[in-house]
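*Asks:*
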Amino acid sequence: MTFITGEEMTIQTPVLRSVNVVRYVTPLREGGSLPAIVEADDGFLYVLKFRGAGQGLKALVADLIGGELARALGFKVPEIVFANLDSSFGRTEPDEEIQDLLRASEGTNLALHYLSGAITYEPAVMRVDDRLSSQIVWLDCLITNVDRTPRNTNMLSWNRELWLIDHGASLYFHHSWDNWEEQARRPFVQVKDHVLLPWASQLPEVDAEFKAKLTPELVNNIVAMVPDEWLTGYGIDASPAERREVYANFLLTRINSSEIFVNEAQNARKALI
37 MTFITGEEMT
47 IQTPVLRSVN
57 VVRYVTPLRE
67 GGSLPAIVEA
77 DDGFLYVLKF
87 RGAGQGLKAL
97 VADLIGGELA
107 RALGFKVPEI
117 VFANLDSSFG
127 RTEPDEEIQD
137 LLRASEGTNL
147 ALHYLSGAIT
157 YEPAVMRVDD
167 RLSSQIVWLD
177 CLITNVDRTP
187 RNTNMLSWNR
197 ELWLIDHGAS
207 LYFHHSWDNW
217 EEQARRPFVQ
227 VKDHVLLPWA
237 SQLPEVDAEF
247 KAKLTPELVN
257 NIVAMVPDEW
267 LTGYGIDASP
277 AERREVYANF
287 LLTRINSSEI
297 FVNEAQNARK
307 ALI
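Using the working numbering, read the sequence shown as starting at 37 and increasing by one per residue.
1. Kindly indicate the opening and closing residues of the alpha helix (DSSP H) around residue 241.
2. Looking at the structure shown, is residue 297 part of a helix, part of a strand, or coil, going by DSSP?
3. Measuring alpha carbon to alpha carbon, tell me which residue in 237, 288 and 230 is nearest residue 258.
4. Would you kindly check if the distance between the Cβ of residue 145 and the Cβ of residue 106 is under 8 angstroms?
5. Apply the 10 Å Cβ neighbour rule to residue 160 and answer buried if 16 or more other Cβ atoms are within range, or exposed otherwise.
6. Entirely within the region 130-203 and at least 3 residues each: give me those beta strand (DSSP E) ranges in chain order.
7. Once the 5 residues before and after residue 94 are set aside, which same chain residues still bring their CB inside 6 angstroms of it?
8. With a Cβ-Cβ cutoff of 8 angstroms, do residue 149 and residue 246 count as a contact?
9. Determine the burial state of residue 132: buried for a count of at least 16 other Cβ atoms within 10 Å of its Cβ, exposed for fewer.
10. Give the straight-line distance between the Cα atoms of residue 204 and residue 239, rounded to the nearest whole angstrom.
11. Return helix, strand or coil for residue 286, following the three-state DSSP convention.
12. On the CB-based measure, 16 or more other CB atoms within 10 Å of its CB, does residue 309 come out buried or exposed?
13. What's the gap between the Cα of residue 158 and the Cα of residue 58?
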(Lines of atoms letter the chains of each structure in order from A and count residues from 1; the text may use other names and numbers.)
(Lines give C-alpha, C1' and ligand atoms only; values in the text may rest on other atoms or scores of the structure.)
Protein backbone atom coordinates (compact mmCIF):
# COMPACT_ATOMS: atom_id res chain seq x y z
CA MET A 1 0.00 0.00 0.00
CA THR A 2 1.28 3.45 -0.88
CA PHE A 3 1.11 5.93 2.02
CA ILE A 4 0.44 9.54 1.07
CA THR A 5 1.13 12.25 3.61
CA GLY A 6 0.21 15.91 3.87
CA GLU A 7 3.17 18.29 3.92
CA GLU A 8 3.25 21.89 5.09
CA MET A 9 1.17 23.94 2.69
CA THR A 10 1.88 27.45 1.42
CA ILE A 11 -0.46 29.97 -0.17
CA GLN A 12 0.05 30.66 -3.87
CA THR A 13 -1.34 33.59 -5.83
CA PRO A 14 -3.34 32.18 -8.77
CA VAL A 15 -2.43 33.18 -12.31
CA LEU A 16 -4.13 31.47 -15.25
CA ARG A 17 -2.63 31.22 -18.73
CA SER A 18 -4.63 31.15 -21.96
CA VAL A 19 -4.00 28.64 -24.74
CA ASN A 20 -5.54 27.90 -28.13
CA VAL A 21 -6.75 24.38 -28.87
CA VAL A 22 -5.14 23.06 -32.06
CA ARG A 23 -5.99 19.35 -32.03
CA TYR A 24 -8.78 17.16 -30.68
CA VAL A 25 -7.06 13.97 -29.52
CA THR A 26 -9.69 11.71 -27.95
CA PRO A 27 -12.90 11.95 -25.92
CA LEU A 28 -13.03 10.91 -22.28
CA ARG A 29 -16.48 9.38 -22.12
CA GLU A 30 -17.07 9.91 -18.43
CA GLY A 31 -20.38 11.21 -17.14
CA GLY A 32 -22.48 13.51 -19.27
CA SER A 33 -19.99 16.28 -19.95
CA LEU A 34 -17.81 14.46 -22.53
CA PRO A 35 -14.46 16.06 -21.63
CA ALA A 36 -11.66 15.39 -24.07
CA ILE A 37 -7.90 15.24 -24.31
CA VAL A 38 -6.74 18.01 -26.63
CA GLU A 39 -3.45 19.53 -27.72
CA ALA A 40 -2.88 23.27 -27.37
CA ASP A 41 -0.58 25.67 -29.19
CA ASP A 42 1.95 25.47 -26.34
CA GLY A 43 2.60 21.83 -27.24
CA PHE A 44 1.00 20.37 -24.10
CA LEU A 45 -1.96 18.04 -23.72
CA TYR A 46 -4.95 19.10 -21.63
CA VAL A 47 -8.23 17.66 -20.40
CA LEU A 48 -10.74 20.10 -21.87
CA LYS A 49 -14.03 20.87 -20.11
CA PHE A 50 -16.52 22.16 -22.69
CA ARG A 51 -18.73 25.16 -22.06
CA GLY A 52 -21.31 23.60 -24.39
CA ALA A 53 -21.59 20.36 -22.40
CA GLY A 54 -24.77 19.44 -20.56
CA GLN A 55 -23.49 20.76 -17.24
CA GLY A 56 -22.94 24.18 -18.83
CA LEU A 57 -20.94 27.20 -17.77
CA LYS A 58 -21.71 26.80 -14.07
CA ALA A 59 -19.62 23.64 -14.01
CA LEU A 60 -16.68 25.59 -15.43
CA VAL A 61 -17.13 28.32 -12.81
CA ALA A 62 -17.20 25.75 -10.00
CA ASP A 63 -14.22 23.88 -11.44
CA LEU A 64 -12.14 27.05 -11.65
CA ILE A 65 -13.04 28.40 -8.20
CA GLY A 66 -12.81 25.01 -6.48
CA GLY A 67 -9.56 24.10 -8.19
CA GLU A 68 -7.85 27.40 -7.46
CA LEU A 69 -9.01 27.44 -3.84
CA ALA A 70 -7.47 23.97 -3.53
CA ARG A 71 -4.23 25.15 -5.11
CA ALA A 72 -4.13 28.24 -2.88
CA LEU A 73 -4.38 25.97 0.15
CA GLY A 74 -1.42 23.97 -1.09
CA PHE A 75 -3.05 20.91 -2.64
CA LYS A 76 -1.65 19.37 -5.79
CA VAL A 77 -3.95 20.43 -8.65
CA PRO A 78 -3.12 20.16 -12.39
CA GLU A 79 -2.55 23.55 -13.95
CA ILE A 80 -5.85 25.12 -14.96
CA VAL A 81 -5.88 27.22 -18.14
CA PHE A 82 -8.37 29.08 -20.26
CA ALA A 83 -8.63 27.16 -23.55
CA ASN A 84 -9.91 29.00 -26.60
CA LEU A 85 -11.84 27.01 -29.18
CA ASP A 86 -11.94 28.71 -32.57
CA SER A 87 -15.10 28.63 -34.68
CA SER A 88 -13.27 26.68 -37.41
CA PHE A 89 -12.12 23.97 -35.01
CA GLY A 90 -13.70 20.55 -35.41
CA ARG A 91 -15.39 21.06 -38.76
CA THR A 92 -13.85 17.82 -39.98
CA GLU A 93 -14.83 15.85 -36.88
CA PRO A 94 -16.80 12.80 -38.16
CA ASP A 95 -18.68 12.13 -34.90
CA GLU A 96 -21.83 14.27 -35.03
CA GLU A 97 -22.26 14.35 -31.25
CA ILE A 98 -18.71 15.61 -30.76
CA GLN A 99 -19.04 18.08 -33.64
CA ASP A 100 -22.18 19.54 -32.05
CA LEU A 101 -20.34 19.84 -28.73
CA LEU A 102 -17.42 21.62 -30.38
CA ARG A 103 -19.71 24.08 -32.15
CA ALA A 104 -21.54 24.82 -28.90
CA SER A 105 -18.23 25.44 -27.14
CA GLU A 106 -16.68 28.13 -29.32
CA GLY A 107 -14.89 30.70 -27.19
CA THR A 108 -13.29 30.33 -23.78
CA ASN A 109 -13.37 26.89 -22.16
CA LEU A 110 -11.59 25.40 -19.15
CA ALA A 111 -8.75 22.89 -19.37
CA LEU A 112 -6.49 21.04 -16.94
CA HIS A 113 -2.97 19.91 -17.70
CA TYR A 114 -3.08 16.22 -18.65
CA LEU A 115 -1.18 14.07 -16.15
CA SER A 116 0.05 11.29 -18.40
CA GLY A 117 0.30 7.97 -16.58
CA ALA A 118 -1.72 9.08 -13.55
CA ILE A 119 -3.90 6.45 -11.89
CA THR A 120 -7.20 6.88 -10.09
CA TYR A 121 -6.94 7.00 -6.32
CA GLU A 122 -8.03 3.70 -4.77
CA PRO A 123 -8.45 3.69 -0.97
CA ALA A 124 -7.61 -0.02 -0.80
CA VAL A 125 -4.23 0.60 -2.47
CA MET A 126 -3.20 4.10 -1.37
CA ARG A 127 -3.47 5.27 2.23
CA VAL A 128 -3.87 9.02 2.78
CA ASP A 129 -2.73 10.17 6.21
CA ASP A 130 -5.13 11.75 8.70
CA ARG A 131 -3.88 15.29 8.22
CA LEU A 132 -4.22 15.32 4.42
CA SER A 133 -7.55 13.49 4.66
CA SER A 134 -8.83 16.15 7.06
CA GLN A 135 -7.62 18.93 4.79
CA ILE A 136 -9.38 17.50 1.74
CA VAL A 137 -12.61 16.83 3.64
CA TRP A 138 -12.56 20.42 4.99
CA LEU A 139 -12.10 21.85 1.48
CA ASP A 140 -14.94 19.78 0.05
CA CYS A 141 -17.25 20.82 2.88
CA LEU A 142 -16.41 24.45 2.17
CA ILE A 143 -17.15 24.28 -1.55
CA THR A 144 -19.97 21.71 -1.14
CA ASN A 145 -18.28 19.21 -3.42
CA VAL A 146 -20.56 16.18 -3.77
CA ASP A 147 -18.15 14.34 -6.06
CA ARG A 148 -15.42 12.81 -3.88
CA THR A 149 -17.01 9.47 -3.06
CA PRO A 150 -15.68 5.89 -3.25
CA ARG A 151 -17.59 5.53 -6.53
CA ASN A 152 -15.96 8.63 -8.03
CA THR A 153 -13.01 9.90 -6.00
CA ASN A 154 -11.82 12.61 -8.41
CA MET A 155 -8.29 12.16 -7.10
CA LEU A 156 -5.26 10.87 -8.97
CA SER A 157 -1.94 9.41 -7.93
CA TRP A 158 0.84 10.84 -10.06
CA ASN A 159 4.56 10.74 -9.27
CA ARG A 160 3.64 9.22 -5.88
CA GLU A 161 1.63 12.32 -4.94
CA LEU A 162 -2.11 12.85 -4.57
CA TRP A 163 -3.68 15.28 -7.05
CA LEU A 164 -7.19 16.74 -6.85
CA ILE A 165 -9.24 17.10 -10.04
CA ASP A 166 -12.71 17.99 -11.26
CA HIS A 167 -14.54 20.36 -8.89
CA GLY A 168 -17.35 21.06 -11.35
CA ALA A 169 -20.00 19.54 -9.06
CA SER A 170 -19.18 22.06 -6.32
CA LEU A 171 -20.92 25.29 -5.34
CA TYR A 172 -24.31 23.85 -6.19
CA PHE A 173 -25.97 26.84 -4.50
CA HIS A 174 -25.61 28.61 -7.87
CA HIS A 175 -28.37 26.45 -9.31
CA SER A 176 -30.76 28.36 -7.04
CA TRP A 177 -29.53 31.86 -6.28
CA ASP A 178 -32.48 33.18 -4.29
CA ASN A 179 -31.44 31.73 -0.92
CA TRP A 180 -27.65 31.70 -1.23
CA GLU A 181 -27.21 33.25 2.23
CA GLU A 182 -29.19 30.44 3.84
CA GLN A 183 -27.31 27.82 1.83
CA ALA A 184 -23.97 29.31 2.87
CA ARG A 185 -24.72 28.46 6.49
CA ARG A 186 -25.99 24.94 5.92
CA PRO A 187 -24.03 21.89 7.05
CA PHE A 188 -22.71 19.73 4.24
CA VAL A 189 -24.70 16.57 4.88
CA GLN A 190 -23.22 14.79 1.83
CA VAL A 191 -19.90 14.60 3.70
CA LYS A 192 -21.12 11.25 5.06
CA ASP A 193 -20.25 9.77 1.63
CA HIS A 194 -16.76 11.31 1.40
CA VAL A 195 -14.12 8.71 0.55
CA LEU A 196 -11.60 10.15 3.05
CA LEU A 197 -13.98 10.84 5.96
CA PRO A 198 -12.92 7.78 8.03
CA TRP A 199 -9.39 9.21 8.31
CA ALA A 200 -10.34 12.88 8.80
CA SER A 201 -9.45 12.98 12.51
CA GLN A 202 -7.86 16.45 12.52
CA LEU A 203 -10.71 18.64 11.34
CA PRO A 204 -10.58 21.19 14.22
CA GLU A 205 -6.85 21.77 13.67
CA VAL A 206 -7.31 22.09 9.90
CA ASP A 207 -10.28 24.41 10.42
CA ALA A 208 -8.17 26.92 12.34
CA GLU A 209 -5.33 26.66 9.82
CA PHE A 210 -7.41 27.06 6.68
CA LYS A 211 -9.64 29.82 8.04
CA ALA A 212 -6.52 31.89 8.66
CA LYS A 213 -5.24 31.29 5.13
CA LEU A 214 -8.44 31.98 3.22
CA THR A 215 -8.52 35.75 3.59
CA PRO A 216 -11.18 37.90 1.89
CA GLU A 217 -8.48 39.22 -0.44
CA LEU A 218 -7.49 35.74 -1.56
CA VAL A 219 -11.09 34.59 -2.05
CA ASN A 220 -11.97 37.72 -4.03
CA ASN A 221 -8.86 37.35 -6.19
CA ILE A 222 -9.82 33.80 -7.11
CA VAL A 223 -13.45 34.66 -7.87
CA ALA A 224 -12.28 37.63 -9.95
CA MET A 225 -10.61 35.17 -12.35
CA VAL A 226 -13.98 33.95 -13.66
CA PRO A 227 -14.54 35.42 -17.16
CA ASP A 228 -17.54 37.68 -17.71
CA GLU A 229 -18.78 35.42 -20.50
CA TRP A 230 -19.15 32.53 -18.03
CA LEU A 231 -21.43 34.61 -15.81
CA THR A 232 -24.29 35.08 -18.25
CA GLY A 233 -27.57 33.26 -18.76
CA TYR A 234 -28.11 32.42 -15.11
CA GLY A 235 -31.75 33.41 -15.31
CA ILE A 236 -31.25 36.31 -12.92
CA ASP A 237 -30.98 40.02 -13.54
CA ALA A 238 -27.45 40.69 -12.34
CA SER A 239 -24.16 41.81 -13.86
CA PRO A 240 -21.06 39.58 -13.89
CA ALA A 241 -19.58 41.74 -11.13
CA GLU A 242 -22.68 41.23 -8.97
CA ARG A 243 -22.57 37.49 -9.55
CA ARG A 244 -18.89 37.38 -8.58
CA GLU A 245 -19.80 39.22 -5.40
CA VAL A 246 -22.34 36.51 -4.55
CA TYR A 247 -19.77 33.76 -5.10
CA ALA A 248 -17.25 35.54 -2.88
CA ASN A 249 -19.80 36.30 -0.17
CA PHE A 250 -21.06 32.71 -0.21
CA LEU A 251 -17.53 31.40 0.35
CA LEU A 252 -16.64 33.98 2.98
CA THR A 253 -19.86 33.26 4.86
CA ARG A 254 -19.07 29.53 4.88
CA ILE A 255 -15.52 30.20 6.04
CA ASN A 256 -16.72 32.44 8.88
CA SER A 257 -19.29 29.86 9.98
CA SER A 258 -17.16 26.78 9.27
CA GLU A 259 -17.96 25.24 12.67
CA ILE A 260 -21.32 24.26 11.16
CA PHE A 261 -19.86 22.01 8.50
CA VAL A 262 -16.97 20.85 10.70
CA ASN A 263 -19.43 19.63 13.34
CA GLU A 264 -21.47 17.87 10.66
CA ALA A 265 -18.35 16.13 9.34
CA GLN A 266 -17.24 15.07 12.83
CA ASN A 267 -20.66 13.63 13.62
CA ALA A 268 -20.78 11.79 10.30
CA ARG A 269 -17.30 10.37 10.98
CA LYS A 270 -18.32 9.14 14.45
CA ALA A 271 -21.18 7.24 12.83
CA LEU A 272 -18.66 5.44 10.57
CA ILE A 273 -15.95 4.42 12.99
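Just so you know, even glycine gets a beta-carbon here, dropped at the ideal spot from N, CA and C.
*Replies:* With the given structure in hand:
1. Within the sequence shown, the letter at position 205 stands for residue 241. Per DSSP, residue 241 belongs to the alpha helix (DSSP H) from 239-249.
2. Here residue 297 refers to the residue found at position 261 of the sequence shown. Look at residue 297 here: in three-state DSSP terms it is helix.
3. Within the sequence shown, residue 258 is the residue found at index 222, counting from 1. When only C-alpha atoms are compared, the closest one is 288.
4. The count along the sequence shown starts at 1 and reaches residue 106 at position 70. The count along the sequence shown starts at 1 and reaches residue 145 at position 109. No; because the gap between Cβ atoms is not below 8 angstroms, this pair is not in contact.
5. Walking along the sequence shown from the start, residue 160 turns up at place 124. With fewer than 16 other beta carbons inside 10 angstroms of its own, residue 160 counts as exposed.
6. Here the runs fully enclosed are 143-149, 162-164, 191-194 and 197-200.
7. Start at 1 with the first residue of the sequence shown, and residue 94 comes out as number 58. Around residue 94, the same chain offers 210 as residues with beta carbons nearer than 6 angstroms, after the five sequence neighbours per side are excluded.
8. Counted from its first residue, the sequence shown places residue 149 at position 113. Counted from its first residue, the sequence shown places residue 246 at position 210. Cβ distance not < 8 angstroms, so residue 149 and residue 246 don't count as in contact.
9. Counting from 1 along the sequence shown, the entry for residue 132 is found at position 96. Under this definition residue 132 is an exposed residue.
10. The count along the sequence shown starts at 1 and reaches residue 204 at position 168. The count along the sequence shown starts at 1 and reaches residue 239 at position 203. If I take the Cα positions, the gap works out to 24 angstroms.
11. Counted from its first residue, the sequence shown places residue 286 at position 250. Residue 286 falls in the helix class under three-state DSSP.
12. Counting from 1 along the sequence shown, the entry for residue 309 is found at position 273. With fewer than 16 neighbouring CB atoms inside 10 Å of its own CB, residue 309 falls in the exposed class.
13. What you label residue 158 is simply residue 122 of the sequence shown in a count that begins at 1. What you label residue 58 is simply residue 22 of the sequence shown in a count that begins at 1. Straight-line spacing of the CA atoms in residue 158 and residue 58 works out to 34 angstroms.
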